[in-house]
Amino acid sequence: MAANQQPDEAREPVLSPVERVCELCFGLFMALTFVGAVSAATAGTEAGTEAGRTMFYTALGCNLAWGLADAVMYLVRTLTDRARRVAVAHAVRAEPDAVSGVLQLRQEMGSVMRTLVSDVELEAVRARLSALPDLPARARLHGADYLAAAGVFALVVLGTMPVALPFLLMETRPALLVSRVLTLVILFACGLALGRHAGGGGWRSGLAMTIVGVALTAAIIALGG
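Quick note on numbering: full-length UniProt numbering labels position 185 of the sequence shown as 185, and the sequence is numbered without any gaps.
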């Protein structure tokens, strides 16, 4: 293993399908709450076009801020997880007792995986770690990590557009209708994608996501979100 590589599996896609859908839904929910709040606050106080602009820029500003925060936290989470793996790899390689090394590896596994992997298999992993010529001294972020963070930011911001963009293009009353229809369609599509990814019923997942999304948005607004 080269010195600048991490002691983990081959790199996965920049963002998994679940991460992509969840980040898009997060942006959608954030935009929905702000559009709902601003719509209620500006009802009867501004001209239609001006109110529409207010809702669009408020929702966009909210999601720009939260998209940035979410992207930074993605990098923090990635670096922390990677640092833990590097620390475990060093500890296992430095452990002179094979049994203790296997125990350390087992402790890092989830409860389900512990029942599926035998000590013999873990010993093979420990032996490969011990045979590595070198390991990175500490975890680092790579270009693909920053690309993934940019993807997180873009997806959160993208979630603004279907909800808020109609208010920039038309009067408030028809914009509300278009925005709500688009929101329901996107929630259904997100649930469909998650259901198919999980190998279950896509249509039922789509309907469930739509119902959950509407209920969650109503709860967020009711709680002052």
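Note that the Cβ used here is the ideal one computed from N, Cα and C, for glycine as well.
Outcome for residue i when other beta-carbon atoms lying within 10 angstroms are tallied against a minimum of 16
{"i": "W203", "result": "exposed"}
{"i": "A164", "result": "buried"}
{"i": "P162", "result": "buried"}
{"i": "N4", "result": "Caution is warranted here: a pLDDT of 46 is assigned to N4, below 50, making its placement in the model unreliable, and the coordinate value is therefore given only provisionally. By the neighbour-count rule (16 or more Cβ atoms within 10 Å), N4 is not buried but exposed."}
{"i": "T217", "result": "buried"}
{"i": "S100", "result": "exposed"}
{"i": "residue 229", "result": "Not covered by the structure: residue 229. The range shown for the chain is 1 to 225."}
{"i": "E23", "result": "buried"}
{"i": "G143", "result": "exposed"}
Simplified DSSP assignment, three categories, for residue i
{"i": "G27", "result": "helix"}
{"i": "V156", "result": "helix"}
{"i": "M170", "result": "coil"}
{"i": "S16", "result": "coil"}
{"i": "R140", "result": "coil"}
{"i": "P162", "result": "helix"}
{"i": "E121", "result": "helix"}
{"i": "D70", "result": "helix"}
{"i": "D145", "result": "helix"}
{"i": "E50", "result": "helix"}
Residue i vs residue j beta-carbon contact at 7 Å
{"i": "L177", "j": "T210", "result": "no"}
{"i": "Y74", "j": "A139", "result": "no"}
{"i": "L192", "j": "G201", "result": "no"}
{"i": "T160", "j": "A31", "result": "yes"}
{"i": "L68", "j": "G151", "result": "no"}
{"i": "L141", "j": "L223", "result": "no"}
{"i": "F34", "j": "T54", "result": "no"}
For residue j and residue i, believed in contact at Cβ under 8 Å, the rounded distance
{"i": "S130", "j": "R93", "result": "5 Å"}
{"i": "L122", "j": "V102", "result": "5 Å"}
{"i": "L155", "j": "G27", "result": "6 Å"}
{"i": "V157", "j": "L64", "result": "6 Å"}
{"i": "L147", "j": "R126", "result": "Not really, about 33 Å apart at Cβ, beyond 8 Å."}
{"i": "F56", "j": "F153", "result": "The pair is not a contact, with the Cβ atoms about 19 Å apart (cut-off 8 Å)."}
{"i": "H90", "j": "L135", "result": "6 Å"}
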